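Structure first, then comments.
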DNA sequence: CCACCCTGTGGAAACGTTTCCACTTTAGCC
DNA sequence: GGCTAAAGTGGAAACGTTTCCACAGGGTGG
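Chains as they are written, first to last, in the working numbering: chain A, 182 to 543; chain B, 182 to 543.
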């Protein structure tokens, strides 16, 4: 019925020449007379010949495939980056095998194992903690070229593309300071599991230290429903003069705005909120989210380019962190700090805050 | 330096047996004495032996890889689905090669070609229009098992997993009707390119026809900045009695809310807005978005399961559309229709609409 | 006690490529 | 016109695996 897929042998037979010649013609990898050239090309065309990549890969030990390992696609940041990787890879004839590790070290290792089994030529990845990462260890041991994204490893022997989280957070800190926010908090999910959160807190705190202000409160929350509200209530009890929140990512920032609203506080009138990442929806919501816009897509494509270029030269991507430009995007969620008196009530809006806290709207 | 990757031959040598025995032991694919079993296992362990998938695939003509073709990862809907596919595939030892086609038929075909070149065993995909799709044609011609997601093909010979868009849209229509929205509009991006948008409009319009009301206005917009605002201004001029918008997806719904705000209309007081998809942020924004929550993740994993199961039995996934349950989520963006007088002004808020239209807030 | 059948075994072919190498042929040059 | 060099060519090995097959040995049933 359906003729079995034609092989190079079939083409050779039809073109009346040896398989070596076919290979040379089709790959432009060696001399061939014009005559055989046209015969082979014609034969291949007629038969609808396509190379079998297995045979190719077996011989060359190259899969023309790069592995991608990210925590999740649920965060648009990673989704965008993956798309960037995919596009850049496609341009150079590489495919992308995708794995997600869900911020879990065990899963990370398993995912990497399957990538290795598929003999990916290289890997673009984000790990939960680049120092002491088993995954990076394995990649090194197996001599697999790789490039980190989002992570900013302190170990300079490794190749990475990202944004300067510390510097970006400094800018957020500076802006908040300029807007009069003398007491701020930093909100993060799973702070311990993310080097990025740590860097952001670091840069943020630096600015407050520089101005001899209180260190920003570190608010670590989890995804349990209501947890954020409780944490915020606690925050305002302990630090009633807090006027701004810096969330470690945009999704969390949006969640903060919602939680604040349910506590009867409005953004930015009572509290300013700044996010990080610059995801698309940040611009669609009201108030527009103030955030650091990061080039996630470019991060992915840059890393892929770096990696592919290195693979083609049969080497590793250049060591060192490439920092891509970011931009502070001043959305409506950030405004001048409301004047507060000592017990944290906004002077301009003398309504009883503790009362509104007790009576969340619905 | 680094010892070349051990092959099955090395294991055989070390275990003092033939390669056939090693293969049988390691794959549990044939008889082997206990003695050789332990020797082989030990040898493999000591050498850190890993199968070379190229050799395997070459022999078996199976790649244990499934291809994924979606329009984009920027829409969280697809990102979630891809993650579902990936997870389900991983469970069964399959990997995922990802390609994005950006709603473009040319790109779709190219992407599929690279998937085929990589000899994927099957494909999970979303195409722009499942009828007359070249991509599906190619898949059929090449006898590649495949399963659609999101699409709801009318051709019942094909396997697909999705939600019943028509029915879901009927429910939206019914809800809007019950809330007193007698004049509504349907907003879509690239209506012509999406069978899903068409289905949604169909179900929506059906309800309005059933109640002998005006057909919902069809508002086709594009992504050009400001286009949505213009379209809405036009809409309210021509159909001032419109009290509700049904957007073909959540991102668009959020954009609508923003555009409406910039036109001086508030949601839901002046206009109600309903989205479609149920993306995560829909619940974080204010007003919470009323939407149809669809199980994107499950859609992906279900499709992958179907496909993998079929592949293991060396057949195609069962023909027919599997409709997954969805849920109408009534967010704050939907409320009782404001009473309007004939020229479209909300009776309860007699501010001059045309004036506020001219003076968008910022 | 012999024929038989299982179990365990390893050699070898096959999968589709690429590429080395050795063999034509042709052209170029004195 | 002979020599060499280059260009064109195909055979065959190699990549690492699976699996068919043939064969050895030892138990069983007649």
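Note that the Cβ used here is the ideal one computed from N, Cα and C, for glycine as well. Note that the structure is a prediction, hence the values are computed from the model and not measured.
C-beta neighbour in chain B for residue i, strict 7 Å
i                      : result
residue 358 of chain A : no
residue 264 of chain A : yes
residue 429 of chain A : no
residue 436 of chain A : yes
residue 365 of chain A : no
residue 439 of chain A : yes
residue 405 of chain A : no
residue 276 of chain A : yes
residue 320 of chain A : no
residue 466 of chain A : yes
residue 207 of chain A : no
residue 425 of chain A : no
residue 267 of chain A : yes
residue 270 of chain A : no
residue 238 of chain A : yes
Cutoff 6 Å; reference residue i; Cβ partners in own chain excluding five residues on either side
i                      : result
residue 540 of chain A : For residue 540 of chain A, the predicted structure reports a pLDDT of 33, less than 50, and the residue's modelled location is therefore unreliable. The matter cannot be settled from this model.
residue 502 of chain A : 333 and 341
residue 187 of chain B : 228 and 230
residue 440 of chain A : 409, 410 and 413
7 Å Cβ cutoff, residue i in contact with chain A
i                      : result
residue 247 of chain B : no
residue 234 of chain B : yes
residue 537 of chain B : Because the pLDDT of residue 537 of chain B is 31, which lies under 50, any placement of that residue in the model is unreliable, and the question is left without a value.
residue 299 of chain B : yes
residue 510 of chain B : no
residue 477 of chain B : no
residue 542 of chain B : Residue confidence is low: residue 542 of chain B scores 36 on pLDDT, short of 50, so the model does not pin down where it sits. Its coordinate-derived value is still stated next. False, the Cβ-Cβ gap to chain A never drops below 7 Å.
residue 396 of chain B : no
residue 328 of chain B : no
residue 522 of chain B : With a pLDDT of 47 at residue 522 of chain B, under the threshold of 50, the predicted position of this residue should be treated as unreliable, and no value is reported.
residue 279 of chain B : yes
residue 528 of chain B : The pLDDT assigned to residue 528 of chain B is 41, lower than 50, so where the model puts this residue is not dependable, and the model offers no usable value.
residue 200 of chain B : no
residue 306 of chain B : no
residue 377 of chain B : no
residue 462 of chain B : yes
residue 282 of chain B : no
8 Å Cβ shell around residue i - same chain, five flanking residues per side excluded
i                      : result
residue 475 of chain B : 258, 344, 349, 457, 458, 459, 505 and 507
residue 554 of chain A : Since the displayed chain A opens at 182 and closes at 543, residue 554 of chain A lies outside it and no answer follows.
residue 496 of chain A : 326
residue 538 of chain A : Annotation note: pLDDT 33 at residue 538 of chain A (below 50); position unreliable, coordinate value reported separately. Excluding residues within five positions, the ones whose Cβ falls inside 8 Å are 414, 417, 444 and 445.
Beta-carbon proximity of residue i to residue j, cut-off 7 Å
i                      : j                      : result
residue 303 of chain B : residue 515 of chain B : no
residue 484 of chain B : residue 388 of chain B : no
residue 206 of chain A : residue 216 of chain A : no
residue 471 of chain B : residue 455 of chain B : yes
residue 265 of chain B : residue 407 of chain B : no
residue 220 of chain A : residue 196 of chain A : yes
Bounding residues of the beta strand (DSSP E) (the contiguous stretch that carries residue i)
i                      : result
residue 452 of chain B : Element bounds for residue 452 of chain B: n/a, residue is neither H nor E.
residue 306 of chain A : 303-306
residue 478 of chain A : Careful: residue 478 of chain A lies outside any beta strand (DSSP E), inside the alpha helix (DSSP H) at 477-493.
residue 510 of chain B : 508-510
residue 367 of chain A : 365-370
Other residues of its chain near residue i: CB distance less than 7 Å, five sequence neighbours each side excluded
i                      : result
residue 416 of chain B : 366, 398, 400 and 423
residue 486 of chain B : 269
residue 392 of chain B : 358
residue 328 of chain A : 305, 340, 341, 342, 484, 487, 488 and 498
residue 517 of chain B : 360 and 361
N-terminal and C-terminal residue of the alpha helix (DSSP H) that residue i is part of
i                      : result
residue 217 of chain A : 215-228
residue 438 of chain A : 431-443
residue 239 of chain B : 234-241
residue 261 of chain A : 257-272
residue 378 of chain A : 376-391
residue 360 of chain A : Premise fails: residue 360 of chain A is in no alpha helix (DSSP H) and is neither H nor E.
residue 276 of chain A : First-last for residue 276 of chain A: 276-281, but that is the beta strand (DSSP E), not the alpha helix (DSSP H).
Quick test of the definition: if touching needs 3 or more C-beta pairs under 8 Å, does the stretch 311-323 of chain B touch the stretch 426-440 of chain B? no
- Is the stretch 275-291 of chain B touching the stretch 237-248 of chain B, taking contact as three or more C-beta pairs under 8 Å? yes
Report yes or no: do three or more beta-carbon pairs, one from the stretch 307-314 of chain B and one from the stretch 464-481 of chain B, lie closer than 8 Å? no
> Between the stretch 216-233 of chain A and the stretch 184-195 of chain A, do three or more beta carbon pairs fall short of 8 Å?
Replying inline: Yes: at least three Cβ pairs fall under 8 Å.
Pair every Cβ in the stretch 227-239 of chain A with every Cβ in the stretch 230-241 of chain B, then say whether three or more of these pairs are closer than 8 Å. yes
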